[in-house]
Every structure is written in C-alpha cells, then in structure tokens.
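Undergrad: Chains as they are written, first to last, in the UniProt record's numbering: chain G, 1 to 233; chain W, 1 to 233; chain V, 1 to 220; chain U, 1 to 220.
For glycine and all other residues, C-beta sits at the position ideal for the given N, C-alpha and C.
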Amino acid sequence: MSLSEHEMAALIARDIEPGSFVNLGIGRPTLVADHLPAGAGIVLHTENGMLNMGPAATGDQADPDLINAGKVPVTELPGSAYFHHADSFAMMRGGHLDVCVLGAFQVSARGDLANWHTGEPDAIPAVGGAMDLAAGAKRVYVMMTLFTRDGVPKLVPECTYPLTGVGCVDRIYTDLATFVITDRGVVVRDTFGISFEELSVRLPVPLVDRPDQPAPRPVRGASQPAGDSPRRS
Amino acid sequence: MSLSEHEMAALIARDIEPGSFVNLGIGRPTLVADHLPAGAGIVLHTENGMLNMGPAATGDQADPDLINAGKVPVTELPGSAYFHHADSFAMMRGGHLDVCVLGAFQVSARGDLANWHTGEPDAIPAVGGAMDLAAGAKRVYVMMTLFTRDGVPKLVPECTYPLTGVGCVDRIYTDLATFVITDRGVVVRDTFGISFEELSVRLPVPLVDRPDQPAPRPVRGASQPAGDSPRRS
Amino acid sequence: MTAARICDSPAEAVAGIEDGSTILIGGFGLAGMPVRLIDALIDQGATDLTVVSNNAGNGDTGLAALLAKGRVRKMICSFPRQPDSWVFDGLYRAGKIELEVVPQGNLAERIRAAGAGIGAFYCPTGVGTPLAEGKETRDIDGRTYVLEYPIRGDVALIGAHRSDRMGNLVYRKTARNFGPVMATAGELVVAQVSEVVETGQLDPEVIVTPSIYVDRVVAV
Amino acid sequence: MTAARICDSPAEAVAGIEDGSTILIGGFGLAGMPVRLIDALIDQGATDLTVVSNNAGNGDTGLAALLAKGRVRKMICSFPRQPDSWVFDGLYRAGKIELEVVPQGNLAERIRAAGAGIGAFYCPTGVGTPLAEGKETRDIDGRTYVLEYPIRGDVALIGAHRSDRMGNLVYRKTARNFGPVMATAGELVVAQVSEVVETGQLDPEVIVTPSIYVDRVVAV
C-alpha cells in the first residue's frame, strides 16, 4: 500500500542518524519533526537563525520573534542557540548540516532538483533558502509524491522546471518507493504497494533494483494503486 | 624645537574628531590614547576583538583574557563590546574605522607605507594586522621620527623596504613636521624647530608649503637639531 | 562615523533619506521588521527606492504599505511570494515593480561582503540554475562556484531589541536574522528598538552589533 | 557530525590526530590559547604538522613546546616574531621550519571562508605588497583586490570559557579571538574550557559557537 504523508515522514525520520543536525524544508518536510525519536539527540536547524528548534508553539507560547523558516511560531529547547542570517547560511553552505529534507516539483535521474519555480509565465519566482540548502547540506533528501495529481512522474530524465541545484539529491522518499541516487543510477530501495517492474514501466528513468536484494522485489503492499497512466515529460 | 614622542601623540590626539572610532598601532602610536580628550567620545578599537577599549590595566586589574593588540593587559569601559577575529577585521576592512595611527620605517611621497619588515635577510617577517589596517581604515596617520638615528630620511620618493600598503597614508606626524599627502604632493602642515626650506633640503621628496600660509614658514623652535647629513636612499 | 544619536521619533530617525536610495530593510517576515521606521519613511516621502529585504511585504502594513504607495522601483529579495504578499504580487503582475530574486544565503553573504570590504566571492549556491545565468563561474578544487558581488545600502533600517546610548545593539530570538549584517552594510544605519538603556548596562560579551555600525536609534 | 563528546582528559580530547595534519590553534598570544590541548598533543605524538595560529609560540610552553619538539613542519601565522618567540626564531633561522606569513585579517577571513563554504574571495589587503606576490588580482569598482583561498584544518584546537553538554560555547573577553572562526573550519574541533555546564544553562542569545561546530570538549 502506498505511504501516507506521515508514513513518509516517519520513514525519513527513521533514516536520520542519532545526533544529526537537520534542516526540514517548508511544507511537507516539516512533518518529519513529529517522527524523530525522542532522545536521539537530533538537532533541528532553521535557516532564519536558530539551532535546536523545538516544536511549534501552541496558544500563549507563540512569540512573534520566535518563528521557523515557514514563519510559524516555534519554541526553544535546552541548548538552543541564535545567530544572524550570514552565520546561519555559512553553517549551511559550509557543509555542517548532516541532512536537509526538501519538497520537490521534479528530481532528475542524476539528482538535479527543481523545487522553487514552476517556470510558468505568471508565477512569481521565490527561492528562499532552497538553493542554499541544496548546495550546502551534506545529504539532501527529497520528500514528494512520485506522481502529480495528474499522474505525471516527478522523477524524470531531465528536469523541465527551473533547477534549484545540480546533482545535489541523495535520496527521494515518495509515497510509492524510496530511491537512492548513486553512481550506478537510480537505485530503488523500498517499494510500497507497487512492484519494481511496475515502477520501471511507469517511470521514464532507468531504475536499478536495490543492491542488497538481487532478486526482483516482491510487492510489499496488497493492492495496486489505480494510478493514471503516466505522461512522460 | 622638535617634538617629543608625547608631543607628537598629543598633536595627533588633537586632530582626531570627537566621536571617532580609532585603532592605535602597536608601540609608539599607543601613546596617543593618553592624550585623547576626556568626553570627546572617541572609541578605541583593538583588532584582537574589542571596541571601546580602556586604559592599560594596573596591578590586580590585569586579566590575561583582556589584552590589546600589543598583548598588554587593558581594561573595559562602559559600552565595550567583544567580537571574534573575522568580525574584527571585517570592521576594519569594511572601512568602518575612522582613523588608524601606525608607526613606519618609511613612507613614500605618494603615501606608500613600509612598516612591517626591514627586508634584511635574517629578519623574521611578521605582519600582524598592519596590512589590514593600512587597507581598511578610512584615514591612516603615520607617527614616526622623520629621520633614522643615522639621519636617514624616512619620507622617501619610493620605499625601499617591503610595502605594507600602496598609497594608503593620509598624514605623517613626525618630530620635525607634519605632512599631508595630497593630490598636489606632500604638503607640509606644521614644522617644529626646522624651516620649510631646510626640510626641503634634507628630504629627498618635493614638498609643498601648507596651502593656508603662502609665505615661507618661519622656524618655530629656537635651535636647529644637529642631525647627521641625510643619506638619500 | 560617530556614536549613535538617540532620536526622539521615527520621523527624526529617517530624516534625510533621499529619492533613489537603496534601502536595506531587516526582518524575516515580520520578525525583526522595523515597521515603525518604514511607516516614518512613508511619511518622509522618499521615492524611487530600491529595497533589499528577505521578503516583499506582508499584509497591508510595513514594507507592503511602502510598496502600495508606489515608492519602490525595485525589490531585491529571496522570497517575495507569500500567502499575504498581495500588494507586491499585484504590482509585479502589473509590471509596476522590478524584481531581483537572490538565494537567501547569497543575499546575507553579499550584504556581509559589502560591510566587510570583500570585493566579490565565489559561492557554490545556485550553480547551474537560472539565478546564476550570465554570472561568471570558476572551478576551485573540483567544485564549481559563481562569482557574487556585494550589496550595499545607502540606508539600513533594522529592528533590534535593546540599544545602549552609544548604539550597541542586542536582538531577540529569531528576530536577529538580517539585522546584524545589514547594520554593517548601510551608509546610514537606523535601528528601531524596544528600549534604550544606559551605556554599560549591556554585557560586552553579548552585544551583537557594536556601536560603530549604528548611526541613529529610536525606541518605539 | 553529532553533538560534542565531553572528554575526561585532554589526552582523550586529542586522541587520533594523525601525522601530517593541518591544525588550527586558537589564541592571540596566550589569550584563548588551548595550552592543555597542546600539551596533550605533544604527549600524543603527532608530527609533521602544519600549524595555523596567529603567533608562533611564546616562551617555552604551549605552541612553543610543540615547536621545540620538532613536530611542526610549517607555521602559517600573521605574527611569528615576538619578544618571547625564541623557540620559533631559532628553528626558523636554522632552516628547520617553513613559514607562511598571512595578514591577520586575511588569516581570519580565509579560515572563515573554509567554514562558510566560500571557494575564494577578493580582498583589498596586501595589494602591491610582497605578501600578494604571485597572487591573482582583479579590479572591481575601481579598487584592486587579491584573490584569497580558504584555509581548512584537519583539526581545530581552541580555548573557550564555558561549554554546555551539547558543546555550545561561550568565550571570555578578548580570549574569543580566533576560536569562533576556527571552530567552523576544522574537520575535528576540540575545545578546552574552564567549565562544562548542564545543557540549558547557557542563554541561547549569548552562545557564540553553536554545538554543531564542536566535536570534543574537555574542562581543565
């Protein structure tokens, strides 16, 4: 069965090593925070100038001077630290963050990321810290649905949307499968309610079955998702 | 009469505008601090990470964690601030210091400064923050004797010692005269116990008499310094 | 530069800002946004401005109000599009404002470079993307970098928490954001603070923006 | 990188440093110099080191003692020559140590660049002097700049005042100096502190080096 947003978030959370310093992008990736194991010492960075960010503020806790990158009021944890924007992005650009999790419009087979701009003529471009994260974090994990609502694959041979970063994505967590970008190509690590063969048919990029399991992967879930016939972009 | 070190320091101090941010180089320029008028709000910067540095520490005040660029224990004043070395030199390089006062081996007629290295083969080069100050401060004032002990002029057509900075010196305060480097050449602003004419004879650079006093300057002091015959370098 | 002047009003704090100025405005969303200084700038009347700020205004107040008055010729920012950026969105779609989008970290580092006397720097962010198009690149140690230039302000308007009478500033939580770097890069630096305390009341260890960077302070 | 490990001894804190390493050593003179870590490094035995530090040792202890043991192949510093730098002076005159003199601000900025992911930067300091000889220059807006590259460390040894158990650091007075930038630029960052306090006891507003940069801490 395909994964819900929270199941995707939980899967990502499980893959983050204890003690890691992590930045969670605006939107869906924020859900990962809810699934980080207590006591693992995972420290969240928010690019607007804070390390060891706590959960979202509730009720009277909300302080307009204490917000995350999505401008949502958050909280401090013991051991939090504040710093200014140049220091915050120096931290990011300098390769000190272990992992960032970002949403995406498209990811290419070689790990190019497109997540800031649809390229449509009437769209107002807004990049925020996405390019800095893509270029700076040690590992970039993308969290997205594998297909658009219209059934168009978001894992593509070449991104058609404007790029955020070149060759920067390490893993892609989707509702139907987890992919690892390697020198050997796009390795399918997990599948959820879909077979490796069906994935191979529905995606316009060559896939490699996961290396530690040479035999074709059995479908883990029960039912196949209906899924529109994918258009190739 | 020629000026003593303290008279030179007092002259420089008098020329620093109230409210200025000032860095005083290691050695003789440090004396300027003793002559800054109280209440003028002049703030001293020390490049090892402090603004609003106070006087040298005495007795029990000495704290090994609170030193100036010459590694002498100093004190705090109300309104002091500490910062790290990259921030301290960003402040300097970014043109935020109004004045720095530096010693010199040589200054050229176009304001080149040589003050870090004699260039002798057995000398160990050590530059410290001298090049950063020369390049960064809005105005660079040199404080030096006009001749070496051997009577060699230190104001020269071209520096023969290795340079600290090119065209960076604005004024030269010496025991015998004050010089201003201008587009029109080296202007003699004050003389002390020497005439403009004698200066012109003893110095190997063309001099311009100070613009607000077109007539030749009378000798202010009484006796002429003995002074060895200057060697021209 | 001399020690900061403590102003009696936001109007006094923004006096003299000229038409055509480039204005750095602190804040990330509303956190650290010097709203009272922007309101005073609207009253002051300077126009044909270039504004450098992370966002392009929220709701109808502050920077959004300045935009609505037609005073801003160009925005340089990382993230103009927000749920409540309708003022900017309307101007942009009507072709009434120029936009330069800069990655957020490049914005911060370019402003820092201006304050730190760095002529230009090679940055890995944005390589191969439309935001690096036409920019010079260079390979260093096997990685490609884009050459980025400083962003200076004629004026910086920032929000801080407290100032002493010399102009030393401390900030509060994530409202710190762009304030400290913008304070280094403006020719005229004006800080809106919650409180002005006597000099000596701020611990020298915790001052974030030393007085050397600050020209005018107003408590609001 | 994970949160800092609080070590029981300086020996534990410097364990594993390899021959041939580049070591950033904090301090300006003795202020902020991590003397106990250097002593432990002497005992640990790593040799053929490149040391990056503002000075080249004072008296016969700390960095001077490391030099005296012949462990340092090359010094990169701004100001080796001091009244009490006889150990370095002797080695240098005997041709037993290499020296690269770097202007103090360039030293700090090059270390910062390494920590901040900047590939190189154009700097006005030293233009036209022997220290810029052979370096690339460029005119930007009518001023000449020298291209300067990052200085990275395999190891950074720094002195700070307090750490919490996560490795957040605060410094004391002018002993702050190079510590915060070196902490960003070392692959392994070790801090000697006066005291380790419980996490949460340092005000988040006043932390100078966030825990992300710190690998090992030892109280001495």
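Cβ of A191 (chain U) versus every heavy atom of the ligand MG: is any distance shorter than 6 Å?
TA: The ligand MG is absent from the structure shown, which contains no ligands of any kind.
Undergrad: Using a threshold of 7 Å, state whether the C-beta atoms of V217 (chain V) and G153 (chain V) are closer than that.
TA: Residue numbering aside, residue 217 (chain V) sits at position 217 when the third sequence is read from its first letter. Residue numbering aside, residue 153 (chain V) sits at position 153 when the third sequence is read from its first letter. Cβ atoms of V217 (chain V) and G153 (chain V): not closer than 7 Å.
Undergrad: With 7 Å as the limit, tell me which residues of the stretch 83 to 116 of chain W have their beta carbon closer than that to any beta carbon of chain V; keep them in chain order.
TA: F83, A90, M91, R93, G94, G95, H96, D98
Undergrad: Skipping 5 residues on each side, what residues in its chain have a beta carbon closer than 6 Å to that of T178 (chain G)?
TA: Reading the first sequence from its first residue, position 178 is the one you call residue 178 (chain G). Contacts found: R189, D190.
Undergrad: Could you check the C-alpha separation between H6 (chain W) and D34 (chain W) for me, to the nearest Å?
TA: One-based indexing of the second sequence puts residue 6 (chain W) at position 6. One-based indexing of the second sequence puts residue 34 (chain W) at position 34. Distance between the alpha carbons of H6 (chain W) and D34 (chain W) is about 9 Å.
Undergrad: Would you call the stretch 135 to 143 of chain U and the stretch 108 to 115 of chain U touching, i.e. three or more CB-CB distances under 8 Å?
TA: no
Undergrad: Whole angstroms are fine: how far does the CA of V101 (chain W) sit from the CA of E197 (chain W)?
TA: For the purposes of this step, residue 197 (chain W) is taken as the residue at position 197 of the second sequence. For the purposes of this step, residue 101 (chain W) is taken as the residue at position 101 of the second sequence. Straight-line Cα distance between these residues: approximately 27 Å.
Undergrad: Buried or exposed: T164 (chain W), going by 16 or more other Cβ atoms within 10 Å of its Cβ?
TA: For the purposes of this step, residue 164 (chain W) is identified with residue 164 of the second sequence, where counting begins at 1. That one is buried.
Undergrad: Suppose contacts are defined by Cβ-Cβ distances below 7 Å. Is I6 (chain V) in contact with L157 (chain V) by that definition?
TA: Locating residue 6 (chain V) in the third sequence gives position 6, where the first residue counts as 1. Locating residue 157 (chain V) in the third sequence gives position 157, where the first residue counts as 1. No, the Cβ-Cβ distance between I6 (chain V) and L157 (chain V) is not below 7 Å.
Undergrad: For I67 (chain G), go through chain V and note every residue whose CB falls closer than 9 Å to its CB, in chain order.
TA: The residue given as residue 67 (chain G) occupies position 67 in the first sequence. Scanning chain V for C-beta atoms nearer than 9 Å to the C-beta of I67 (chain G) yields F28, G29, L30, A31, K173, T174, A175, reported in chain order.
Undergrad: Mark T174 (chain V) as exposed unless 16 or more other C-beta atoms lie within 10 angstroms of its C-beta, in which case mark it buried.
TA: One-based indexing of the third sequence puts residue 174 (chain V) at position 174. It counts as buried.
Undergrad: Please work out which residues of its chain come closer than 7 Å, Cβ to Cβ, to A132 (chain V), disregarding the five sequence neighbours upstream and downstream, and give them in chain order.
TA: Translated into positions along the third sequence, residue 132 (chain V) becomes position 132. Only G126, V146 meet the Cβ criterion.
Undergrad: From the DSSP secondary-structure annotation, give me the bridge partner or partners of Y145 (chain V).
TA: Here residue 145 (chain V) refers to the residue found at position 145 of the third sequence. According to DSSP, which records beta bridges pairwise, Y145 (chain V) is partnered with V:R138.
Undergrad: To the nearest angstrom, report how far apart A57 (chain W) and D203 (chain V) are at their CA atoms.
TA: Taking the second sequence and counting its residues from 1, one reaches residue 57 (chain W) at position 57. Taking the third sequence and counting its residues from 1, one reaches residue 203 (chain V) at position 203. Rounded to whole angstroms, A57 (chain W) to D203 (chain V) spans 19 Å at the Cα level.
Undergrad: Is it true that the stretch 62 to 70 of chain G meets the stretch 94 to 114 of chain G, where meeting means three or more beta-carbon pairs spaced less than 8 Å apart?
TA: no
Undergrad: With 16 other CB atoms within 10 Å as the buried threshold, where does T46 (chain W) fall?
TA: Residue numbering aside, residue 46 (chain W) sits at position 46 when the second sequence is read from its first letter. By the beta-carbon neighbour count (other beta carbons within 10 angstroms, threshold 16), T46 (chain W) is buried.
Undergrad: Taking the straight line between their C-alpha atoms, what separation do you get for L66 (chain U) and A40 (chain U)?
TA: In the fourth sequence, counting from the first residue as 1, residue 66 (chain U) sits at position 66. In the fourth sequence, counting from the first residue as 1, residue 40 (chain U) sits at position 40. So the alpha carbons of these two residues sit roughly 10 Å apart.
Undergrad: Taking Cβ-Cβ distances below 8 Å as the criterion, which residues of the stretch 108 to 141 of chain U are in contact with chain W?
TA: From the stretch 108 to 141 of chain U, only A108, E109, I111, R112, C123, P124, T125, G126, V127, G128, T129, P130, L131 have a Cβ closer than 8 Å to chain W.
Undergrad: Starting from D132 (chain W), follow the beta strand (DSSP E) in both directions and report where the run begins and ends.
TA: Walking along the second sequence from the start, residue 132 (chain W) turns up at place 132. Annotation for D132 (chain W): no beta strand (DSSP E) segment contains it, though the alpha helix (DSSP H) segment containing it runs 130 to 136.
Undergrad: Using a Cβ cut-off of 8 Å, pull out every chain G residue sitting near P150 (chain V), in sequence order please.
TA: In the third sequence, the residue the question calls residue 150 (chain V) occupies position 150. Neighbours of P150 (chain V) in chain G, taken as residues whose beta carbon is under 8 Å from its own, are absent, since the nearest beta carbon is some 12 Å off.
Undergrad: Would you call V181 (chain U) buried or exposed, if buried means 16 or more other Cβ atoms sit within 10 Å of its Cβ?
TA: As a first step, residue 181 (chain U) is located in the fourth sequence; it is residue number 181 there, counting from the start. Its Cβ being crowded by 16 or more others within 10 Å, V181 (chain U) is buried.
Undergrad: Select from the stretch 204 to 220 of chain U all residues with a C-beta closer than 7 Å to any C-beta belonging to chain V, and list them in chain order.
TA: Against chain V - using a Cβ distance shorter than 7 Å - the residues of the stretch 204 to 220 of chain U are E205, V206.
Undergrad: Is N106 (chain V) helix, strand or coil when you go by DSSP?
TA: Against the third sequence, residue 106 (chain V) aligns to sequence position 106. Reduced to three states, the DSSP call for N106 (chain V) is helix.
Undergrad: Tell me, please, whether the CB atom of Q192 (chain U) is closer than 7 Å to any CB atom in chain W?
TA: Against the fourth sequence, residue 192 (chain U) aligns to sequence position 192. With 7 Å as the cut-off, Q192 (chain U) does not count as an interface residue toward chain W.
Undergrad: Along chain U, in chain order, which residues have C-beta atoms closer than 8 Å to that of D122 (chain W)?
TA: On the second sequence, residue 122 (chain W) is found 122 positions in, with the first residue counted as 1. Those are R93, listed as they occur along chain U.
Undergrad: Counting contacts by CB-CB distance shorter than 7 Å, is A3 (chain V) in contact with chain W?
TA: Taking the first residue of the third sequence as position 1, residue 3 (chain V) is located at position 3. Chain W, which has a Cβ nearer than 7 Å to the Cβ of A3 (chain V), makes this yes.
Undergrad: Helix, strand or coil for P130 (chain V) per DSSP?
TA: If you number the third sequence from 1, residue 130 (chain V) lands on position 130. P130 (chain V) falls in the helix class under three-state DSSP.
Undergrad: In chain order, what residues of the same chain have a beta carbon less than 6 Å from the beta carbon of T209 (chain V), not counting five sequence neighbours either side?
TA: Sequence index remark: in the third sequence, residue 209 (chain V) carries index 209 (1-based). The answer, listed in chain order, is L169, P180, A183.
Undergrad: What are the boundary residues of the alpha helix (DSSP H) that includes A13 (chain W)?
TA: In the second sequence, the residue the question calls residue 13 (chain W) occupies position 13. Run containing A13 (chain W): 5 to 15, per the alpha helix (DSSP H) assignment.
Undergrad: In three-state terms, what does DSSP make of A215 (chain G)?
TA: Here residue 215 (chain G) refers to the residue found at position 215 when the first sequence is read from its first residue. Residue placement at A215 (chain G) cannot be trusted, given a pLDDT of 42 that sits under 50; what the coordinates show is reported in the next sentence. In this structure, A215 (chain G) counts as coil in the three-state DSSP scheme.
Undergrad: At least one CB of chain W closer than 7 Å to the CB of L202 (chain U): is that the case?
TA: Here the question's residue 202 (chain U) lines up with position 202 in the fourth sequence. No, because no Cβ of chain W sits closer than 7 Å to the Cβ of L202 (chain U).
Undergrad: Just to check my reading of the structure: A3 (chain V) and G54 (chain W) have Cβ atoms closer than 8 Å, yes? What is that Cβ distance to the nearest angstrom?
TA: Along the third sequence, read from residue 1 onward, the residue named residue 3 (chain V) stands at position 3. Along the second sequence, read from residue 1 onward, the residue named residue 54 (chain W) stands at position 54. A Cβ-Cβ separation of about 16 Å leaves A3 (chain V) out of contact with G54 (chain W) under the 8 Å criterion.
Undergrad: Name the DSSP bridge partner or partners of V156 (chain G)?
TA: Taking the first sequence and counting its residues from 1, the one referred to as residue 156 (chain G) is at position 156. Looking at the DSSP output, V156 (chain G) bridges to G:S108.
Undergrad: Please list the terminal residues of the continuous alpha helix (DSSP H) segment that includes L67 (chain V).
TA: Within the third sequence, residue 67 (chain V) is the residue found at index 67, counting from 1. From DSSP, the alpha helix (DSSP H) with L67 (chain V) extends over 63 to 68.
Undergrad: Using DSSP bridges, identify the partner residues of R139 (chain G).
TA: In the first sequence, the residue the question calls residue 139 (chain G) occupies position 139. Answer is G:V99, bridged to R139 (chain G).
Undergrad: Taking the straight line between their C-alpha atoms, what separation do you get for V152 (chain W) and N177 (chain U)?
TA: Along the second sequence, read from residue 1 onward, the residue named residue 152 (chain W) stands at position 152. Along the fourth sequence, read from residue 1 onward, the residue named residue 177 (chain U) stands at position 177. Approximately 39 Å between the Cα atoms of the pair.
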